[in-house]
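Notes for the one structure printed next.
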Amino acid sequence: MSPSNFVLSTRIQQRGLRRRLVLATLAISAFTAVTVSGSLHGFGIAIVLVLASLDIILIHSTDGLAFARTRSLDERQRALRDRAYRLGFRLFGLAVILLMVLSVVISALALITGQIGGIGPGFTQLDEGVPGHTLVAVAELVLMMPTLVIAWVDPGGTDAAATVTVVGSRRRARPYAAWLALPLLTGAWLGAALALPAQRAAAGTGFILDDSFPGATCRHFVDGAIVGAEFGATVGLRVEVCWNHTDAFVVGDSQIPLPASALHGIAASAPAGVSVPPNFVNPADPSLTLCAADSSGDFAAVASTECTATIDASGTLHYTVYAAIAPLPFSVGARAITLSLVVDRDGRVIAQP
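Listed below in structure tokens is the structure:
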């Protein structure tokens, strides 16, 4: 063999072990794609590193056949690789269909259980685009499906044909060089979570709300900030604001007291001689108002959340959400996020995230 040739190291010989690695990869990818809670709660990077480790082992065990140049392969290897691509992407299409069906089932269950206001686990009133955990699962399957098929169907063996000779002008790749991808992935994620500017998350659609209040006009506000793009976390603002030309105030949070003008409107709307029970004055309704309700984090945790609502002397409402985005444990490297909403007594929005 000429000096320009190099041979990738011998694959894992045990077919059963390779199949177990394939099943582990598929199971983790499925869990990542359809996590019931709607978020990985900051553990996304750990899952990415586990998947990357499995990928390195599987690519090494198949001698990188799925990514090798055609001219470097013999007839048997080309046939195996072509079969892996055909079968692999058919299986990927099937996985996408199953994911869509599962999404429909989850949405139907949400309707049955009354979680149409975006208050159940995994349901949000924000439009965050494609979640980071879904991107990870799709990228994993797109890149690795042919390799997974090869690792599953190729019997391997100990004969000379089991070792793939790859022709090229490069030096022989050392087996441990691929593991450098793990710290590089970690560094890229940390850089995104710590340095990328926050982006606005717009309100979603499809939720049904009852936003009426006696003697007042109301508007539902949903807003948010995405930190670290799809590989960080989202802080949400969800609040129902009503105004009666005397005060602007929050409805749907029993912990936030109503102003006297709002209480007067409730009393005026009640039938003569009938008093409104205290628990009916401003009952809690998480579909209307809930502190940081739409916050989520696949790759960073949303911590230290606090919401405040004050009405100044002119009747203007100041509603603020405070939160910290922590990509690392113990709030190391946490970023402070503040979302402010200001609405005057006539319903004019003075400030919005």
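No gaps in the numbering here: position 302 of the sequence shown is 285 in the working numbering, and each next residue is one more.
C-beta: ideal position from N, C-alpha, C; glycine also.
Since this is a predicted model, take the numbers as computed values, not measurements.
Where residue i sits in the DSSP three-state scheme
{"i": "histidine 43", "result": "helix"}
{"i": "serine 323", "result": "strand"}
{"i": "serine 22", "result": "coil"}
{"i": "aspartate 110", "result": "strand"}
{"i": "threonine 299", "result": "coil"}
{"i": "threonine 53", "result": "helix"}
{"i": "glycine 316", "result": "coil"}
{"i": "serine 279", "result": "strand"}
{"i": "arginine 61", "result": "helix"}
{"i": "valine 210", "result": "strand"}
{"i": "valine 233", "result": "strand"}
{"i": "valine 264", "result": "coil"}
{"i": "isoleucine 308", "result": "strand"}
{"i": "leucine 202", "result": "This sequence places arginine at residue 202; leucine is not what is there. Arginine 202: strand per DSSP, three-state reduction."}
{"i": "glycine 100", "result": "Any reading at glycine 100 must be qualified, since the residue scores a pLDDT of 46, below 50, and its modelled position is unreliable; no value is offered."}
Segment limits, alpha helix (DSSP H) that includes residue i
{"i": "serine 244", "result": "243 to 252"}
{"i": "tryptophan 172", "result": "164 to 178"}
{"i": "alanine 120", "result": "115 to 136"}
Per-residue burial, residue i [other beta carbons within 10 Å of its own, 16 or more giving buried]
{"i": "alanine 284", "result": "buried"}
{"i": "isoleucine 333", "result": "exposed"}
{"i": "serine 195", "result": "exposed"}
{"i": "threonine 217", "result": "buried"}
{"i": "alanine 178", "result": "exposed"}
{"i": "serine 297", "result": "exposed"}
{"i": "aspartate 137", "result": "buried"}
{"i": "leucine 324", "result": "buried"}
{"i": "serine 12", "result": "buried"}
{"i": "valine 5", "result": "buried"}
{"i": "glycine 223", "result": "First, the residue type needs correcting, since residue 223 is glutamate and not glycine in the sequence shown. Under this definition glutamate 223 is a buried residue."}
{"i": "glutamate 123", "result": "buried"}
{"i": "glutamine 238", "result": "exposed"}
{"i": "proline 180", "result": "exposed"}
{"i": "valine 88", "result": "exposed"}
{"i": "glycine 219", "result": "buried"}
{"i": "serine 279", "result": "buried"}
{"i": "threonine 272", "result": "buried"}
{"i": "alanine 185", "result": "exposed"}
{"i": "proline 312", "result": "exposed"}
{"i": "aspartate 277", "result": "buried"}
{"i": "glycine 71", "result": "buried"}
{"i": "leucine 23", "result": "buried"}
{"i": "valine 233", "result": "buried"}
{"i": "threonine 114", "result": "The sequence as given places proline at residue 114; threonine does not occur at that position. Buried is the call here."}
{"i": "valine 326", "result": "buried"}
{"i": "serine 252", "result": "exposed"}
{"i": "alanine 171", "result": "exposed"}
Span of the beta strand (DSSP E), counted from its first residue to its last, around residue i
{"i": "alanine 16", "result": "Where alanine 16 is concerned, there is no enclosing beta strand (DSSP E), although the alpha helix (DSSP H) it sits in stretches over -2 to 16."}
{"i": "glutamate 289", "result": "284 to 294"}
{"i": "alanine 334", "result": "332 to 334"}
{"i": "alanine 216", "result": "216 to 226"}
{"i": "alanine 184", "result": "182 to 186"}
Spatial neighbours of residue i in its chain, beta-carbon cut-off 7 Å, leaving aside the 5 residues before and after
{"i": "alanine 67", "result": "Ala49, Pro129, Val132, Ile133"}
{"i": "alanine 143", "result": "Reliability of the predicted coordinates at alanine 143 is poor, the pLDDT of 36 falling under 50, and the value obtained from them is presented with this limitation in mind. Nothing listed; no residue qualifies."}
{"i": "serine -15", "result": "The predicted position of serine -15 is uncertain, since its pLDDT is 40 and thus under 50; no value can be drawn from it."}
{"i": "arginine 355", "result": "The requested residue 355 is not part of the displayed model; the chain covers only -16 to 336."}
{"i": "proline 266", "result": "Ser237"}
Own chain, CB closer than 6 Å to residue i, minus 5 neighbours either side, in chain order
{"i": "serine 378", "result": "There is no way to answer for residue 378, as the model of the chain reaches only from -16 to 336."}
{"i": "aspartate 268", "result": "Gly235"}
{"i": "glutamine 182", "result": "Ile209"}
{"i": "threonine 15", "result": "Ile30, His116, Val119, Ala120"}
{"i": "proline 240", "result": "none"}
CB contact below 9 Å: residue i versus chain B
{"i": "valine 31", "result": "The chain labelled as chain B is not found in the depicted structure, where only one protein chain is given."}
Neighbourhood of residue i by C-beta distance below 8 Å, restricted to the same chain and skipping five residues each side
{"i": "glycine 316", "result": "Leu173, Ala176, Leu177, Ala309, Pro310"}
{"i": "threonine 339", "result": "Coverage of the chain is limited to positions -16 through 336, which leaves residue 339 absent and any answer about it impossible."}
{"i": "tryptophan 135", "result": "Arg1, Arg2, Val5"}
{"i": "proline 336", "result": "Arg183, Asp206, Gly207, Ala208, Leu220, Leu322, Ser323, Leu324"}
{"i": "threonine 299", "result": "Ala231, Val325, Val326, Asp327, Arg328, Ile333"}
Counting beta carbon pairs with one atom in the segment 285 to 305 and one in the segment 46 to 62, are three or more of them shorter than 8 Å? No: the two stretches stay apart, fewer than three of their Cβ pairs being nearer than 8 Å.
For the 8 Å Cβ check, are there 3 or more pairs between the segment 158 to 169 and the segment 72 to 89? Result no; under three Cβ-Cβ pairs closer than 8 Å.
Check whether the segment 194 to 213 and the segment 320 to 333 are in contact - that is, three or more C-beta pairs closer than 8 Å. Touching, per the Cβ criterion.
Measuring CB atoms only, is the segment 108 to 119 touching the segment 61 to 75, in the sense that at least three cross pairs come out at less than 8 Å? Cβ pair count under 8 Å is below three, so no.
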